[in-house]
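A.B. asks: Residue numbers (the working numbering): 1031 to 1357.
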Ligand code: 0X9
Ligand code: ZN
């Protein structure tokens, strides 16, 4: 077991570019990392800025694309500031996709699929966890009339906004905000989804912690029209994660698997027409919680890349009409 662990850790994506993937990084480091990845292989990777945060930071996105007409998926990380393993995963995910393309371009999934990755959505909150409060969750917006900062970006989306499991109190950790998409970071993601709805076949948003694969709905206990599709890929993803280090996830509709919570990006993307939509709660189950030791980044990268392979296949299946999206 110990030897297996070392072998698998060694094969995790890292350091072909000099970047240290098994440590956590600041916003500034991650932002310069996005420039570096685009410069490393400009014919594969494009850096775009999808929006500007409340405090004026760029929200960069990397697009890995080999043909303009391929179906696409959107992966985002860092909705919640303190969930550091999430941006760490987005970075090693991009590294591994680039490595696989660069080492055997003919077999890479990127020949068939365009992959958009937003490494940190809530850039202000993420920065704040480095400088002021490691356990900050929300954005850093501040409006007249309230003493408190921040809106929960995963309650701010146009998915039964202000509904169950969200709060109208600006000091709450689950504050839904003064209006839907009031947060520039949320608006940026939602606009990207709207503007790319024709090509987007899957949306996967990474959170922590709890080891869960959640799919719509979370704003109601009603099942989604395509619940069978969503569940099918959740089961595959569960098995894929487990196959690396036997890490046990649970899966199901958000409302019954974690809790009712309106205004989330997964439900928004699904109702906007993205056929496969998932929230992944990464490691752990509470032992270290948000303060996940950096030595777990590499194994999280390995097991979660397995999960993403299922999502890639799901997007391709949907695109091929193998599974009919019902909307
Ligand atoms: O509450 C959340 O936003 C997510 N859990 S976390 O501990 N990372 O905060 C779960 C989101 C599930 N999906 C929706 N509520 N739409
Ligand atoms: Zn979260």
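For glycine and all other residues, C-beta sits at the position ideal for the given N, C-alpha and C.
All figures in this text were calculated on a predicted structure; none of them were measured in a lab.
1. Could you give the DSSP three-state label for residue 1062: helix, strand or coil?
2. Taking 7 Å as the cut-off, decide whether the C-beta atoms of residue 1083 and residue 1208 are in contact.
3. Whole angstroms is fine: what's the gap from residue 1040's alpha carbon to residue 1176's?
4. Assess, as a yes-or-no matter, whether the stretch 1166-1173 is touched by the stretch 1273-1284 under the definition of 3 or more beta carbon pairs within less than 8 Å.
5. Just to confirm, does residue 1213 get its C-beta within under 6 Å of one of the non-hydrogen atoms of the ligand ZN?
6. Have a look at 1126, 1153 and 1294 and flag the residue whose alpha-carbon is nearest the alpha-carbon of residue 1192.
7. Using 8 Å for Cβ pairs, my map puts residue 1267 next to residue 1337. What's the rounded Cβ distance?
8. Report yes if the C-beta of residue 1113 is less than 6 Å from at least one heavy atom of the ligand ZN; otherwise report no.
9. Flag this pair as touching only if the stretch 1188-1207 and the stretch 1286-1305 have three or more C-beta atom pairs under 8 Å; answer yes or no.
10. Can you tell me which residues form a DSSP beta bridge with residue 1358?
11. Please list the terminal residues of the continuous beta strand (DSSP E) segment that includes residue 1132.
12. Tell me which residue opens and which closes the beta strand (DSSP E) that residue 1283 is part of.
13. Is residue 1353 helix, strand or coil when you go by DSSP?
14. Leaving out five residues before and five after residue 1035 in sequence, what residues of the same chain have Cβ atoms less than 8 Å from its Cβ?
15. Check whether the stretch 1125-1142 and the stretch 1250-1265 are in contact - that is, three or more C-beta pairs closer than 8 Å.
16. Please report the residue range of the alpha helix (DSSP H) in which residue 1311 lies.
17. Between the stretch 1089-1099 and the stretch 1063-1078, can you find at least three pairs of beta-carbon atoms closer than 8 Å?
C.D. replies: This is what the structure holds:
1. Helix.
2. Result no, Cβ atoms of residue 1083 and residue 1208 do not sit closer than 7 Å.
3. The predicted model places residue 1040 with a pLDDT of 44, which falls under 50 and marks its position as unreliable; any figure quoted below should be read in that light. Roughly 49 Å separates the two Cα atoms.
4. No: fewer than three Cβ pairs fall under 8 Å.
5. Result no, Cβ not under 6 Å from the ligand ZN.
6. Shortest Cα-Cα distance from residue 1192 to any of 1126, 1153 and 1294 involves 1294.
7. The pair is a contact, with the Cβ atoms about 5 Å apart (cut-off 8 Å).
8. For residue 1113, the Cβ falls inside the 6 Å cut-off from some heavy atom of the ligand ZN.
9. Yes: at least three Cβ pairs fall under 8 Å.
10. The displayed coordinates of the chain run from 1031 to 1357. Any statement about residue 1358 would go beyond what the structure contains.
11. Segment 1115-1133 is the alpha helix (DSSP H) holding residue 1132; no beta strand (DSSP E) there.
12. 1280-1283 is the extent of the beta strand (DSSP E) around residue 1283.
13. In the structure shown, residue 1353 sits in coil (DSSP, three-state: anything other than H, G, I, E or B).
14. Note that residue 1035 scores 39 on pLDDT, short of 50, meaning its location in the model is unreliable; the coordinates nonetheless yield the value given after this. Within the same chain, residue 1035 has close Cβ partners 1275 and 1329.
15. The count of Cβ pairs closer than 8 Å, one atom from the stretch 1125-1142 and one from the stretch 1250-1265, stays below three, leaving the stretches out of contact.
16. First-last for residue 1311: 1306-1312, but that is the beta strand (DSSP E), not the alpha helix (DSSP H).
17. Touching, yes.
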